[in-house]
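Structure first, then comments.
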Amino acid sequence: MTRYIVLSLSLGILCGYWKIIPSFLLQHFHHLVDVALFVLVLGVGMELAANKKAFLEVKAWGWRILFLPFSGMIGSLGVSFLAAFFLPISWPETMAVASGFGWYSLSGALLDHLAGPHLGATAFLANLLRELLAFLSVGTVFRYFGSWATVALGGATTMDTTLGPIVQASTGRLSALALLSGVIHSLFVPVLLPFWVRFL
Amino acid sequence: MVLIVIALFLGFLLGTIKYVPRKIVNLRNALINGGVLLLVFGMGINIGANSQITRNLKAIGFRALVLALLSSLGGMLGAFLMERYFQKAMKEESQK
Chain A
1 MTRYIVLSLS LGILCGYWKI IPSFLLQHFH HLVDVALFVL VLGVGMELAA NKKAFLEVKA
61 WGWRILFLPF SGMIGSLGVS FLAAFFLPIS WPETMAVASG FGWYSLSGAL LDHLAGPHLG
121 ATAFLANLLR ELLAFLSVGT VFRYFGSWAT VALGGATTMD TTLGPIVQAS TGRLSALALL
181 SGVIHSLFVP VLLPFWVRFL
Chain B
1 MVLIVIALFL GFLLGTIKYV PRKIVNLRNA LINGGVLLLV FGMGINIGAN SQITRNLKAI
61 GFRALVLALL SSLGGMLGAF LMERYFQKAM KEESQK
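Going line by line, the protein sequences match chains A and B. Residues in the first sequence are numbered consecutively from 1, following this note's numbering. Residues in the second sequence are numbered consecutively from 1, following this note's numbering.
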């Protein structure tokens with residue numbers, strides 16, 4: 001699967017760069033993404049129905065599952081802060097980019113609007129790479145670092161795009177945790193990101 | 001968001017109703033993988049067609065990669081430690 005992901009991504013980059021796809025088709029491109037997402041989540045829904053492990057997992061943790069997204073967000077922002085020490089980028093900029101939590105379309109567009117195209121493009125690429133990283137390493141992370149790390153890795157993307165791979169890797173066990181964590185991460189993106197911009 | 005909820009509900013329904021042929025339900029992994037590949041293809045087009053990125057790749061490529069790595073690792077670390085803490089606390093609780 002990893003091989004196919006890399007292949008599909010490369011193909012997409014080349015198609016985009018060489019403008020192989022005519023612009024009138026590109027205009028309706030977001031429909032394709034919507035369809036992909038729909039198909040993916042449809043599969044996840046079936047998986048949810050197929051086994052009851054997800055409900056047992058939620059029951060086992062109880063109220064504690066709320067701490068999963070918050071510990072993930074704090075860890076994410078805390079470690080990203082270190083980048084300001086060795087990259088030519090200020091700390092509010094690193095925090096703003098990291099506050100995308102993988103939601104590249106929103107964080108890219110927001111920062112493009114609030115802080116200019118340069119930081120916008122950085123946020124877009126950084127968060128896209130985070131989502132890609134999650135796609136590629138979900139299986140390995142689950143095996144060696146356990147449930148919570150796997151869910152937190154995907155940040156805001158675990159409620160839709162990376163939900164499928166997480167469900168597959170955990171054979172359905174983590175679907176509810178991933179959905180919840182992804183939703184909470186996503187809610188904080190439009191709140192946290194503009195907050196850091198004020199310190200720029 | 002609405003789309004996701006509908007898809008999730010529909011999938012759950014398909015998986016629950018007994019009259020839906022097993023063949024369809026057994027397709028679920030193929031659906032997930034197909035969706036992922038299509039999404040990644042879309043991500044590729046987004047990168048390739050974004051002139052801000054392709055023109056400034058040298059300047060922003062490296063820092064974007066570092067930021068992606070740090071934020072992923074940080075999220076993992078935070079949640080990992082939190083899970084460990086709860087596991088320990090719950091174990092002690094059950095031993096009392």
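We treat Cβ as the ideally placed atom computed from N, Cα and C, and that holds for glycine. No experiment lies behind these values; they were computed from the predicted model shown.
How close, in whole Å, do the beta carbons of residue i and residue j come, if the pair is a contact with beta carbons under 8 Å?
| i | j | result |
| --- | --- | --- |
| Ala36 of chain A | Gly42 of chain B | 7 Å |
| Gly155 of chain A | Leu77 of chain B | Their Cβ separation, rounded to whole angstroms, is 13 Å, which puts Gly155 of chain A and Leu77 of chain B out of contact at 8 Å. |
| Ala152 of chain A | Ala79 of chain B | 3 Å |
| Cys15 of chain A | Ile45 of chain B | 6 Å |
| Phe67 of chain A | Met90 of chain B | With a Cβ gap of about 13 Å, Phe67 of chain A and Met90 of chain B do not count as contacting. |
| Gln52 of chain B | Ala126 of chain A | Their Cβ separation, rounded to whole angstroms, is 13 Å, which puts Gln52 of chain B and Ala126 of chain A out of contact at 8 Å. |
| Leu38 of chain B | Val79 of chain A | That belief does not hold up - the Cβ atoms of Leu38 of chain B and Val79 of chain A are roughly 31 Å apart, past 8 Å. |
| Val66 of chain B | Phe135 of chain A | Not confirmed; about 19 Å, so no contact. |
| Leu224 of chain A | Ala7 of chain B | The structure shown does not extend to residue 224 of chain A, since chain A is modelled only from 1 to 200, so the question has no answer here. |
| Tyr4 of chain A | Thr54 of chain B | Not really, about 24 Å apart at Cβ, beyond 8 Å. |
| Gly34 of chain B | Val39 of chain A | 6 Å |
| Ala68 of chain B | Leu133 of chain A | 6 Å |
| Leu87 of chain A | Arg63 of chain B | 5 Å |
Let's test the definition: count the other Cβ atoms within 10 Å of the Cβ of residue i and tell me whether it reaches 16, buried, or not, exposed.
| i | result |
| --- | --- |
| Tyr144 of chain A | exposed |
| Val40 of chain B | buried |
| Gln168 of chain A | buried |
| Ala47 of chain A | The sequence given here places Glu at residue 47 of chain A; Ala does not occur at that position. Label assigned to Glu47 of chain A: buried. |
| Glu131 of chain A | buried |
| Trp61 of chain A | buried |
| Pro21 of chain B | exposed |
| Tyr104 of chain A | buried |
| Trp148 of chain A | buried |
| Asn26 of chain B | exposed |
| His30 of chain A | exposed |
| Ala59 of chain B | exposed |
| Ile17 of chain B | exposed |
| Ala123 of chain A | buried |
| Ile20 of chain A | exposed |
| Met73 of chain A | buried |
| Ala83 of chain A | buried |
| Ser94 of chain B | exposed |
| Leu56 of chain A | exposed |
| Arg84 of chain B | exposed |
| Ser71 of chain B | buried |
| Ser23 of chain A | exposed |
| Leu25 of chain A | exposed |
Less than 7 Å between C-beta atoms, sequence neighbours within five positions excluded: which residues of the same chain meet that for residue i?
| i | result |
| --- | --- |
| Ile4 of chain B | none |
| Ile166 of chain A | Val138, Thr150, Val151, Gly154, Thr158, Leu174 and Ala178 |
| Val189 of chain A | Ser99, Gly100, Phe101, Trp103, Leu106, Ser107 and Ala156 |
| Phe142 of chain A | Thr150, Ala169 and Ser170 |
| Ile184 of chain A | Pro69 |
| Leu32 of chain A | none |
| Ile65 of chain A | Val58, Leu177 and Leu180 |
| Leu128 of chain A | Tyr104 |
| Ser205 of chain A | The first residue shown for chain A is 1 and the last is 200, placing residue 205 of chain A beyond what the model contains. |
| Thr140 of chain A | none |
Residues in the same chain with beta-carbon distance under 8 Å from residue i, minus the five sequence neighbours each way, listed in chain order, please.
| i | result |
| --- | --- |
| Gly172 of chain A | Glu47, Leu48, Ala50, Asn51, Lys53 and Ala54 |
| Ile24 of chain B | Leu14 |
| Leu200 of chain A | Ser90, Pro92, Glu93, Ala96 and Ala115 |
| Val197 of chain A | Pro92, Ala96, Leu111, Leu114 and Ala115 |
| Ala30 of chain B | none |
| Thr2 of chain A | Leu136 |
Once you ignore the five residues that flank residue i on each side, which residues in its own chain have a CB closer than 6 Å to its CB?
| i | result |
| --- | --- |
| Leu163 of chain A | Val44 and Ala178 |
| Ala176 of chain A | Ala54 and Val58 |
| Tyr19 of chain B | none |
| Leu192 of chain A | Ser99 |
Using a Cβ cut-off of 7 Å, pull out every chain D residue sitting near residue i, in sequence order please.
| i | result |
| --- | --- |
| Glu93 of chain B | Absent here is chain D; the protein component of the structure consists of chains A and B. |
Which parts of the region 33–96 of chain A are runs of the alpha helix (DSSP H), unbroken and 4 residues or longer, counting only runs that do not cross its ends?
53–61, 67–81 and 83–86
Unbroken alpha helix (DSSP H) runs of length 4 or more, entirely within the region 134–197 of chain A: which are they?
For the region 134–197 of chain A, the full-length alpha helix (DSSP H) segments reaching 4 residues or more read 163–169 and 175–197 along the chain.
Every unbroken alpha helix (DSSP H) within the region 12–64 of chain B, with a cutoff of 4 residues, ordered by chain
22–25, 28–48 and 51–55
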